[in-house]
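For the sequence shown, the positions run 34 to 146 when this note's numbering is used.
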Amino acid sequence: MNVEFKKVLADWPESYTLNIKRALVVTLAFFNLLVYLSPRIEVHPDQKPPPQITITAENIPVTRQIRRTPPPPKPTVPVPSEDESIPEDVTIEETTLKYTNIFADTPDGIQAP
34 MNVEFKKVLA DWPESYTLNI KRALVVTLAF FNLLVYLSPR IEVHPDQKPP
84 PQITITAENI PVTRQIRRTP PPPKPTVPVP SEDESIPEDV TIEETTLKYT
134 NIFADTPDGI QAP
């Protein structure tokens with residue numbers, strides 16, 4: 034039994050191309066038969082008169098292109114200065130904000146978060 038199985042496996046590559054060709058012929062025959070037996074469809078396009086196209090020439094006034102304004106100048110790059118009148122370290126003082134309750138006078142239906 035084991036020998037026969039090996040023989041079948043050994044024959045498989047030889048019959049592979051033959052099996053592919055047979056499958057191709059059967060498939061093509063099936064689709065040809067399917068197309069041959071399918072019902073005929075008759076298409077009748079609607080006979081509509083061609084649309085009337087009218088072309089009118091209008092006098093369009095000549096326009097002129099306005100020159101673009103030149104772009105603004107590029108900003109200058111700051112250059113370090115050795116002038117003694119300019120302080121080296123400029124700091125911003127701390128600011129405190131006064132908080133007031135903006136929801137103090139709201140009606141009862143609206144609640145503050």
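All residues carry an ideal CB built from backbone N, CA and C; glycine is no exception. Fair warning: this is a prediction, and the values are worked out from it, not measured in the lab.
In terms of alpha-carbon separation, which member of the options lies closest to residue i?
i      : options                : result
Ser-71 : Pro-78, Phe-63, His-77 : Phe-63
Among the residues of its own chain, which have a CB less than 8 Å from the CB of residue i, if the five just before and after it don't count?
i       : result
Val-110 : none
Lys-107 : none
Excluding five sequence neighbours on each side, which residues of the same chain lie with their C-beta closer than 7 Å to the C-beta of residue i?
i      : result
Leu-57 : none
In its own chain, which residues sit with a C-beta less than 6 Å from the C-beta of residue i, not counting the 5 before and 5 after it?
i       : result
Glu-115 : none
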